[in-house]
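Notes to accompany the following structure.
In my numbering, the protein residues as written are 102 to 385.
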């Protein structure tokens, strides 16, 4: 990881990105659109909602998408949906990116629906523009997901009424205390595609990646209590941590995208995981 760019044999998060056992889940359809999937072990719990959906051997068919609010609240009471956020995500057809409704953010993993996120690599560069240091966050121990894990400087989900950039600008203040004037040099990267089994269900997510060059004397400070610490680390040290299991899978892949685009690493095959970003809004 020294200059010049060095090859890296293994980046474990690449395998984790698509670690999925499809036989454990049943597709969920809205009309002809396959919008997600449900764990087979949870199918009995759906029998109580026959007025809104049907369960067959081949699929769960959601007849009334608007009923998801009622269904999800009941599943929450039964402990099948955890980490309730009171935040609304779009219900999207992954094939066409057409919006078909909305659902509670925490319910998206239960239903395996496509979600969107935005992450930012904060870095310091030398006079030639080559990155020398990366800002790395540590998640609060009280976070519902991945408590205490290392993370990117900024990152968060994209609600139904925001774009990835709008979501990132909001998170920039909450997570790092960065003002709009400091974000003028924000630059887009690629997109991370995740399709993996997690304890909450299925994470089917597209993460829009951004880079932010910061002054060497910049001092990001968390504002919302969801970050335990922020550290500015030499690139080699930051990449070593990102390649370990100390960092979240999401953040590890966002960091990998940064390293490859800035020629800090090479010989890493990220086919199918790091993609050119789709244009926004995702709607047909």
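Beta carbons: idealized from backbone N, C-alpha and C, even for Gly.
(request) Report the three-state DSSP secondary structure of residue 119 (helix, strand or coil). (result) coil
(message) Rounded to the nearest angstrom, what separates residue 204 and residue 245 at their Cα positions?
(response) 19 Å
(message) Using a Cβ distance threshold of 8 Å, determine whether the segment 331 to 338 contacts the segment 284 to 295, with at least three qualifying pairs required.
(response) no
(message) I need the DSSP call for residue 142, collapsed to helix, strand or coil.
(response) helix
(request) Please say whether residue 145 and residue 254 have beta carbons closer to each other than 8 Å? (result) no
(message) Could you check whether residue 343 and residue 356 sit closer than 8 Å to each other, using their CB atoms as the reference points?
(response) It is a contact, given that the beta carbons lie within the stated cut-off.
(request) Tell me whether residue 231 sits in a helix, a strand or coil according to DSSP, three-state version. (result) coil
(request) Check each candidate in 365, 301, 323 and name the one with the smallest Cα separation from residue 142. (result) The residue with the shortest Cα to Cα distance from residue 142 is 301.
(request) Grab me the residues of residue 324's own chain with a C-beta within less than 7 Å of its C-beta, minus the 5 sequence neighbours each way, in chain order. (result) 274, 275, 278
(request) Report all residues from its chain with a CB closer than 6 Å to the CB of residue 211; omit the five preceding and five following residues, and keep chain order. (result) 182, 302
(message) Just to confirm before moving on: does the CB-CB distance between residue 374 and residue 122 stay below 8 Å?
(response) no
(request) Enumerate in chain order the residues of its own chain whose CB-to-CB distance from residue 208 is below 6 Å, with the five nearest sequence positions on each side excluded. (result) 173, 182
(message) Contact defined as beta carbons within less than 8 Å: I believe residue 296 pairs with residue 219. What is the distance between those atoms, to the nearest angstrom?
(response) About 18 Å; that fails the 8 Å criterion.
(message) I'd like the span of the beta strand (DSSP E) that includes residue 305, first residue to last.
(response) Counting along the chain, the beta strand (DSSP E) containing residue 305 begins and ends at 302 to 314.
(request) Identify which residue in 177, 137, 130 has its Cα closest to the Cα of residue 154. (result) 130
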